[in-house]
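Notes follow the structure.
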Amino acid sequence: MAIREAVGVDGTPLVYSVTGDPDARALVLLHGWAQSSKCWGPTVLDELAARYRVIAVDLRGHGYSGAPAAGYDDSAIWAGDVEAVLTAEGVTSGAVLLGWSYGGLVICDYLASHGTSAVDGVVLVGAITSIGRGEAGGKVGAAMRAAIPGAMSEEPREAIRALGAFGNALTGPPEGKGAQSQALFGASLATPPHVRAALFNRSASHDDLLRSLDVPVLVLHGTEDSVVDVSAGRHAADLIPQARASFWEGCDHGPFVEDPGRFVKEVGAFVDNLG
Numbered sequence: 001m002a003i004r005e006a007v008g009v010d011g012t013p014l015v016y017s018v019t020g021d022p023d024a025r026a027l028v029l030l031h032g033w034a035q036s037s038k039c040w041g042p043t044v045l046d047e048l049a050a051r052y053r054v055i056a057v058d059l060r061g062h063g064y065s066g067a068p069a070a071g072y073d074d075s076a077i078w079a080g081d082v083e084a085v086l087t088a089e090g091v092t093s094g095a096v097l098l099g100w101s102y103g104g105l106v107i108c109d110y111l112a113s114h115g116t117s118a119v120d121g122v123v124l125v126g127a128i129t130s131i132g133r134g135e136a137g138g139k140v141g142a143a144m145r146a147a148i149p150g151a152m153s154e155e156p157r158e159a160i161r162a163l164g165a166f167g168n169a170l171t172g173p174p175e176g177k178g179a180q181s182q183a184l185f186g187a188s189l190a191t192p193p194h195v196r197a198a199l200f201n202r203s204a205s206h207d208d209l210l211r212s213l214d215v216p217v218l219v220l221h222g223t224e225d226s227v228v229d230v231s232a233g234r235h236a237a238d239l240i241p242q243a244r245a246s247f248w249e250g251c252d253h254g255p256f257v258e259d260p261g262r263f264v265k266e267v268g269a270f271v272d273n274l275g
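With UniProt numbering, letter number 130 in the sequence shown gets 130, and the count goes up by one each step, no holes.
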């Protein structure tokens, strides 16, 4: 694994890892709100890297990337972040963008600005595609509603209590996943409070983009997702012309945590069928 850095349009350093055959298809992983590129876990990363050139990004404000004071409400800046990573890696065609949760919104920001010339396919995992009041593509679930606004607080006890309200939303049944659950919880707390708040302090509607997408998209969403409501996934699947949907019965917000093997199999089958 190589750790590298690109620079966003506003000068923010963007840290990412690259694993796998440098000549293989680029699979770009974009994590969710208050997480990091480590969220995917070694099993998923290793198995995907055996087949693809996996580029796992720390979004701005998360992980080892820079956390500027402002700019999180600007779709053009998010789009520029993805473009900066692709440019740094020399990816000009054939890429697959995979976004979990908020990562789906970042993908839409990028596609709205840069189009699909460098992209052969998209995977949306428990993802939002729009954000703001009344946006069907951004509907959150009960666990997320319960965490707001405490999850944005700078007061430690309040933030810990609010983020703890997620319970097992990111892992599903907790048996055997204690270490991973703690790592995900730790990543949430490690994300600066001003970033946690700023990511929600924006509005963006990408429904028109979804209607006009000219590449295949896999929508993968748990039916019991308590962070991003499954209706957001169904909304995207209904709008996207070349959508392929996989709704996991009884699964919460982290399909790749609940069943890594199935996740890798479904993503692999989609990517390999792109030609």
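Where a beta carbon is used, it is the ideal one built from N, C-alpha and C, also for glycine.
Residue span of the beta strand (DSSP E) that contains residue i, given as start and end
i, result
"E5", "A2 to V7"
"T43", "Taken as a continuous stretch (DSSP letters only), T43 belongs to no beta strand (DSSP E), being part of the alpha helix (DSSP H) at G41 to A49."
"H194", "Careful: H194 lies outside any beta strand (DSSP E), inside the alpha helix (DSSP H) at P193 to A198."
"S246", "A243 to W248"
"L218", "V217 to G222"
Nearest to residue i (by Cα), restricted to the options the options
i, options, result
"T12", "P42, D46 and V85", "V85"
"A49", "A26, P255, G176 and L210", "A26"
"P22", "V91, E83 and S65", "V91"
"L30", "I55, P42, D46 and G41", "I55"
"G250", "R196, G172, S181 and V257", "G172"
"S153", "E224, S181, P192 and A269", "P192"
"R53", "K38, G41, G20 and A79", "G20"
"A197", "P260, P149, L105 and L124", "P149"
"V257", "S93, A165 and C39", "C39"
"Q182", "Q35, S17, A24 and V28", "Q35"
"Y234", "G41, G80 and I128", "Sequence check: residue 234 is Arg here, not Tyr. The shortest C-alpha separation from R234 is found at I128."
"A24", "I160, V195, G94 and P241", "G94"
Same chain only: Cβ atoms within 8 Å of residue i, ignoring 5 sequence neighbours per side
i, result
"T116", "L213, D214 and V215"
"N201", "Y72 and D73"
"Q180", "G41, T171 and V257"
"G132", "G138, R202, S203, A204 and S205"
Exposure label - residue i; buried when at least 16 CB within 10 Å
i, result
"M1", "exposed"
"I3", "exposed"
"A69", "exposed"
"D208", "exposed"
"L170", "buried"
"R145", "exposed"
"G178", "exposed"
"E155", "exposed"
"G99", "buried"
"S37", "buried"
"P255", "buried"
"G176", "exposed"
Own chain residues within Cβ distance below 6 Å of residue i, not counting five before or after
i, result
"S75", "D109 and A204"
"V271", "V96"
"A245", "V219 and A237"
"E5", "P13 and V15"
"T43", "P260"
"H253", "G126, A169, L170, D225 and V227"
"A88", "A6"
The alpha helix (DSSP H) enclosing residue i, as first and last residue numbers
i, result
"R133", "Careful: R133 lies outside any alpha helix (DSSP H) and carries neither H nor E."
"Y110", "Y102 to H114"
"W33", "Careful: W33 lies outside any alpha helix (DSSP H) and carries neither H nor E."
"A142", "A142 to A147"
Contacting residues, own chain, Cβ-Cβ under 7 Å from residue i (five flanking each side not counted)
i, result
"L163", "A147, A151, F185, S188 and L189"
"L199", "W33, Y72 and Y102"
"residue 289", "There is no way to answer for residue 289, as the model of the chain reaches only from 1 to 275."
"E83", "Y110 and H114"
"E135", "S205"
"G104", "L124, A127, I128 and T129"
Supposed contact pair residue j and residue i - C-beta distance, whole angstroms, cut 8 Å
i, j, result
"V140", "Y64", "Not quite, the Cβ-Cβ distance comes to about 27 Å (not below 8 Å), so this is no contact."
"G8", "R60", "6 Å"
"G222", "W248", "5 Å"
"L239", "R211", "5 Å"
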